[in-house]
Amino acid sequence: MAFFFAQFLTGLANAAALFLVASGLSLIFGVTRIVNFAHGSFYMLGAFVGVTLMEFLPGAVGFWGAIVLTGLVVGLIAAVVEMVVLRPIYRAPELFQLVATFGVILVIQDLALMIWGAEDRLGPRAPGLRGVWRIFGEPVPKYDIILIAMTPFILFALWYLITRTRLGVLVRAATQDREMVGALGVNQAWLFTGVFALGSALAAWGGALQLPKGGADLLMDFNIIGAVFVVVVIGGMGSLPGAFIAAVLISVLNVFGVTYLPQSTLVLMFVVMAIVLIIRPYGLLGREEVAGEHGQVGAPETPIRPYGTRGRMVVTALLLVLAALPFVADQFLLILTIDILIFALFAASLHFILGSGGLVSFGHAAFFGGGAYAAALLVFHTDTPMELAFLFAPLAAGLLALGIGWFCIRLSGVYFAMLTLAFSQLVWSVAFQWRGLTRGDDGLINIWPAPWLNGPVTYYYFTLILAVGGILVLRHIIHAPFGYALRAGRDSPRQAEAMGIDVKRVQLVAFAIAGVMAGLAGGIFVFAKGSVFPTELEIAKSFDALIVVFLGGVKTLAGGVVGATFLSSVEHWLTRLEYWRLVLGLVIIAVVILMPEGIVGSLRSLWARVTGSKSEVSK
Amino acid sequence: MLSVERINSYYGKAHILDDLSFEVRRGEVVALLGRNGAGKSTTMKSVMQLVRPRDGAVMFQGRNLVGDPAFRVAKAGLGYVPEDRRIFTDLTVLENLEVGRQPARRDAPHWSVEQLFQIFPNLSERRGNRGKHMSGGEQQMLTIARTLMGNPALLLLDEPSEGIAPVIVEQMARTILQLKAEGLTVMISEQNLHFARAVADRAIIIEGGQKKFDGTFAELEQQPEIRDAYLSV
Chain A
137 MAFFFAQFLT
147 GLANAAALFL
157 VASGLSLIFG
167 VTRIVNFAHG
177 SFYMLGAFVG
187 VTLMEFLPGA
197 VGFWGAIVLT
207 GLVVGLIAAV
217 VEMVVLRPIY
227 RAPELFQLVA
237 TFGVILVIQD
247 LALMIWGAED
257 RLGPRAPGLR
267 GVWRIFGEPV
277 PKYDIILIAM
287 TPFILFALWY
297 LITRTRLGVL
307 VRAATQDREM
317 VGALGVNQAW
327 LFTGVFALGS
337 ALAAWGGALQ
347 LPKGGADLLM
357 DFNIIGAVFV
367 VVVIGGMGSL
377 PGAFIAAVLI
387 SVLNVFGVTY
397 LPQSTLVLMF
407 VVMAIVLIIR
417 PYGLLGREEV
427 AGEHGQVGAP
437 ETPIRPYGTR
447 GRMVVTALLL
457 VLAALPFVAD
467 QFLLILTIDI
477 LIFALFAASL
487 HFILGSGGLV
497 SFGHAAFFGG
507 GAYAAALLVF
517 HTDTPMELAF
527 LFAPLAAGLL
537 ALGIGWFCIR
547 LSGVYFAMLT
557 LAFSQLVWSV
567 AFQWRGLTRG
577 DDGLINIWPA
587 PWLNGPVTYY
597 YFTLILAVGG
607 ILVLRHIIHA
617 PFGYALRAGR
627 DSPRQAEAMG
637 IDVKRVQLVA
647 FAIAGVMAGL
657 AGGIFVFAKG
667 SVFPTELEIA
677 KSFDALIVVF
687 LGGVKTLAGG
697 VVGATFLSSV
707 EHWLTRLEYW
717 RLVLGLVIIA
727 VVILMPEGIV
737 GSLRSLWARV
747 TGSKSEVSK
Chain B
4 MLSVERINSY
14 YGKAHILDDL
24 SFEVRRGEVV
34 ALLGRNGAGK
44 STTMKSVMQL
54 VRPRDGAVMF
64 QGRNLVGDPA
74 FRVAKAGLGY
84 VPEDRRIFTD
94 LTVLENLEVG
104 RQPARRDAPH
114 WSVEQLFQIF
124 PNLSERRGNR
134 GKHMSGGEQQ
144 MLTIARTLMG
154 NPALLLLDEP
164 SEGIAPVIVE
174 QMARTILQLK
184 AEGLTVMISE
194 QNLHFARAVA
204 DRAIIIEGGQ
214 KKFDGTFAEL
224 EQQPEIRDAY
234 LSV
């Protein structure tokens, strides 16, 4: 019983930092509507800046002073990031900012590596709080007790700020209708910057406060972001008390999980989140998101048209070049092209549900990796012939998508995105922790294609036919009546339903089709590489696909393919550099700011301007 | 005080305001009349820079507002009450008023929360209630009171009589006259000619984004063909 209680206290202590970080994310999302993936990076910065400051400032005053200062320093950095990176793109399509925040993650990762090096830093102990107190005979670190005691004050301070101050009133008003707040004389730009800085400072304080219990390392950003999203979503987007309850719930659960179910610690959190969202779709204390409530009306969509003659000619020419490639290219270029084709198909499948369906999935890697694993498991454990195992990849991924989709489709917007993220994390943690089946991060190896397909040239043609075929099938579906129904459901679900379209069902089928195509890409991938590791299921993999789709352009059909080609090629060249993440991050940010319609969209606008001006001249 | 000079506004490719010019003088109440879709709300939004005119000028107290962000237009002394009210439904009445609060202005009447509660007694009774629990008429009162908290020199009221009960419409008319008596300049957009005549000194009629009439109501009486052509009475 005493041990049980001590465990519970540890969980509560861990909740302090988690709550700080989560409340910051919730605040930023509420006002700016930006799903800030870089939030974990500010948490990491908080830890590193905190360690450094603590080295300079001695004693107890120094320790606590360093923590306070950390928030100010990181808040300042965040303000600069907001002004430089996000301010120019608030008017860009919804969720486009997401890609920019991903660029910020990469930049901060490499800057941290440059400044603090690759070594993990151990956090200093809090002066005067080094030992333990005994509670019911069990040792509990003094620092834990202090953290537990502090948390209610933090909650109160935030609650006071939000409900009792003018800033809080403005923040809540802007959460609902920021244009109206502007029309009433409030400078939204500064409100946004302020909220972003404050939210990031909260993350940094979380990072600094956990130092005595952990430390600072370069993986902190991704390690925390999953948990933070889970907390915010379970609690309900924008609800501080909700975030608090959820932070306690998740932290306590984690501590007990480590003790009693060490094999399932990673899964547990996402299972809880899935259960909560199934029972309460908008989180414990959240409220329903109503589309269009925020007074943001985007530009009307221009309908997607099938390619004209010129477009067809370009595509045909490109295909001819690809078909002729083995005659001129060396093996390296062939393998690179195989990678690009696989990635293009994967991205096209995400683009299909995202662009035409309006379903922003944060967990599309589950189907890519799921397909790859399905085939690999069959080959690895049962020696299934490659042809059969390969067919199993899209099939299994499609079934997985059907199952996950059944839960997720009921939600929309950010909640949909979060639930897909949760399920993909679930799949990832199964692959990572069920070592008996999947061998964990040792991966499944020796998964080679059948002899008649072996060899780079043959496999290249195999990839080319399937990837191009898959992309063409997706294009065809978009221009078929099913595609119209899907787009109708995206643009005005109510009208679509009034016309007799079962919107949710159409979306579920589309989700499954996207899963099948992602699984197909995964199948091609696993036999191209001969192995598969849990990294293929990671958040980062899902983000890669998202970045590619947004970079290429959501509103254009070629977007996914062009984005995939762009990113794969750039990555292949950049990874030779030491600080390639920094460069890639800056490239991504630059593309986002300079080409708000994506690469394809912006090129098209440019083309229209050039040809438009020409025709005027000829008149 | 306000001089709109040949503005053209668009929604995407749709040309909504077509070379529209008009003036509002200090101390008067002007009614902007026209049918649904004539461009009344777009005119209001174009003055506020919520819709940016592609050319032309919006001169307010000697300064061109075109291109300014909306908050700067508000700070210059323009108060905007949108037709769909857009109150903050999660905020209480008092908090809604707080969002609108701006420092006093020398050239405009100054309003405190208590003064506004005298003008809108219903709001006073509901000061702690959230916006979403209020009736349409009360929401309309709140959105006007919220804008007055900014101490505007010129109030833009977009269709204040729309969608509220006749009793409240009468109350609204008295309120507008009261605001005028306090020295506020008001521009309202309306479809309801009777309401407009009751409160306004002058009428501007637009159709298809173009000005069709500008004069007193007495002058409008003498040109029934204009009324029949551009107003659905």
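So the sequences go chain by chain: A and B. Using this note's numbering, read the first sequence as starting at 137 and increasing by one per residue. Using this note's numbering, read the second sequence as starting at 4 and increasing by one per residue. Even glycine gets a Cβ: it sits at the ideal position worked out from N, Cα and C. Source: prediction; values computed, not measured.
> Looking only at its own chain, which residues have a Cβ that is under 6 Å from the Cβ of residue 574 of chain A, when we skip the five neighbours before and after it?
Replying inline: 567
> If contact means a Cβ-Cβ distance below 7 Å, which residues of the stretch 70 to 81 of chain B contact chain A?
Replying inline: 72, 73, 74, 77 and 78
>> Within 8 Å of any Cβ in chain A, is that where the Cβ of residue 94 of chain B sits?
In response: yes
> Which residues in the same chain as residue 141 of chain A place their Cβ atom closer than 8 Å to its Cβ, once the five residues preceding and following it in sequence are excluded?
Replying inline: 271, 272 and 274
> Using a beta-carbon distance cut-off of less than 8 Å, what residues from the stretch 47 to 69 of chain B approach chain A?
Replying inline: 51 and 53
> Could one say the Cβ of residue 745 of chain A lies closer than 8 Å to chain B's Cβ atoms, at least one of them?
Replying inline: no
> Taking DSSP as the reference, what is the three-state secondary structure of residue 155 of chain B?
Replying inline: coil
> residue 215 of chain B lies in the alpha helix (DSSP H); which residues open and close that run?
Replying inline: Element bounds for residue 215 of chain B: not the alpha helix (DSSP H) but the beta strand (DSSP E), 213 to 218.
>> Does chain B have any CB closer than 8 Å to the CB of residue 312 of chain A?
In response: yes
> Does the stretch 319 to 338 of chain A come close enough to the stretch 290 to 310 of chain A that 3 or more CB-CB pairs lie under 8 Å?
Replying inline: yes
>> Helix, strand or coil, according to DSSP, for residue 227 of chain B in the structure here?
In response: helix
> Would a check of beta-carbon distances place residue 451 of chain A closer than 8 Å to chain B?
Replying inline: no
>> My assumption, with CB atoms under 8 Å, is that residue 668 of chain A sits in contact with residue 583 of chain A. Please give the rounded CB distance.
In response: 7 Å
> Where residue 545 of chain A and residue 629 of chain A are concerned, what is the direct C-alpha to C-alpha distance, given to the nearest angstrom?
Replying inline: 13 Å
> Cβ of residue 102 of chain B less than 8 Å from any chain A Cβ?
Replying inline: yes
> So is residue 272 of chain B buried or exposed if we call it buried at 16+ other beta carbons inside 10 Å?
Replying inline: The structure shown does not extend to residue 272 of chain B, since chain B is modelled only from 4 to 236, so the question has no answer here.
>> Along the chain, where does the alpha helix (DSSP H) containing residue 411 of chain A start, and where does it finish?
In response: 401 to 415
> For residue 222 of chain B, does the count of other Cβ atoms within 10 angstroms reach 16, so buried, or fall short, so exposed?
Replying inline: exposed
> Which residues of chain B have a Cβ atom closer than 8 Å to the Cβ of residue 740 of chain A, listed in chain order?
Replying inline: In chain order: nothing, as chain B lies at least about 17 Å away.
>> If you follow the alpha helix (DSSP H) that residue 159 of chain A is in, where does it begin and where does it stop?
In response: 138 to 168
> Got a sec: is the Cβ-Cβ distance from residue 131 of chain B to anything in chain A below 8 Å?
Replying inline: no
> Comparing alpha-carbon positions, which option in A/604, A/603 and A/234 lies nearest residue 168 of chain A?
Replying inline: A/234
>> With a threshold of 8 Å between beta-carbons, can residue 316 of chain A be considered close to chain B, or not?
In response: yes
> Just how far apart, CA to CA, sit residue 738 of chain A and residue 689 of chain A?
Replying inline: 8 Å
> Assuming residue 348 of chain A contacts residue 279 of chain A under a Cβ cut-off of 8 Å, what Cβ separation, rounded to an integer in Å, is found between them?
Replying inline: 5 Å
>> In whole angstroms, give me the CA-to-CA distance for residue 151 of chain A and residue 390 of chain A.
In response: 10 Å
> Which bits of chain A does residue 153 of chain B rub up against, with CB to CB less than 8 Å?
Replying inline: 320 and 321
>> Just to confirm the assignment, what range does the beta strand (DSSP E) spanning residue 25 of chain B have?
In response: 17 to 27
> In chain order, what residues of the same chain have a beta carbon less than 6 Å from the beta carbon of residue 205 of chain B, not counting five sequence neighbours either side?
Replying inline: 33 and 219
>> I'd like the list of long-range same chain contacts for residue 138 of chain A, defined as Cβ closer than 7 Å, with 5 residues on each side in sequence excluded.
In response: 272, 273 and 274
>> Give me the DSSP bridge partner(s) of residue 188 of chain B.
In response: B/157
> Using 8 Å as the Cβ pair cut-off and three pairs as the minimum, do the stretch 394 to 408 of chain A and the stretch 553 to 570 of chain A touch?
Replying inline: yes
> If the cut is a Cβ gap below 7 Å, which residues of chain A does residue 83 of chain B touch?
Replying inline: 319
> Can you find a C-beta in chain B that's less than 8 Å from the C-beta of residue 227 of chain A?
Replying inline: no
> Cβ of residue 109 of chain B less than 8 Å from any chain A Cβ?
Replying inline: no
> Span of the beta strand (DSSP E) holding residue 12 of chain B?
Replying inline: 5 to 14
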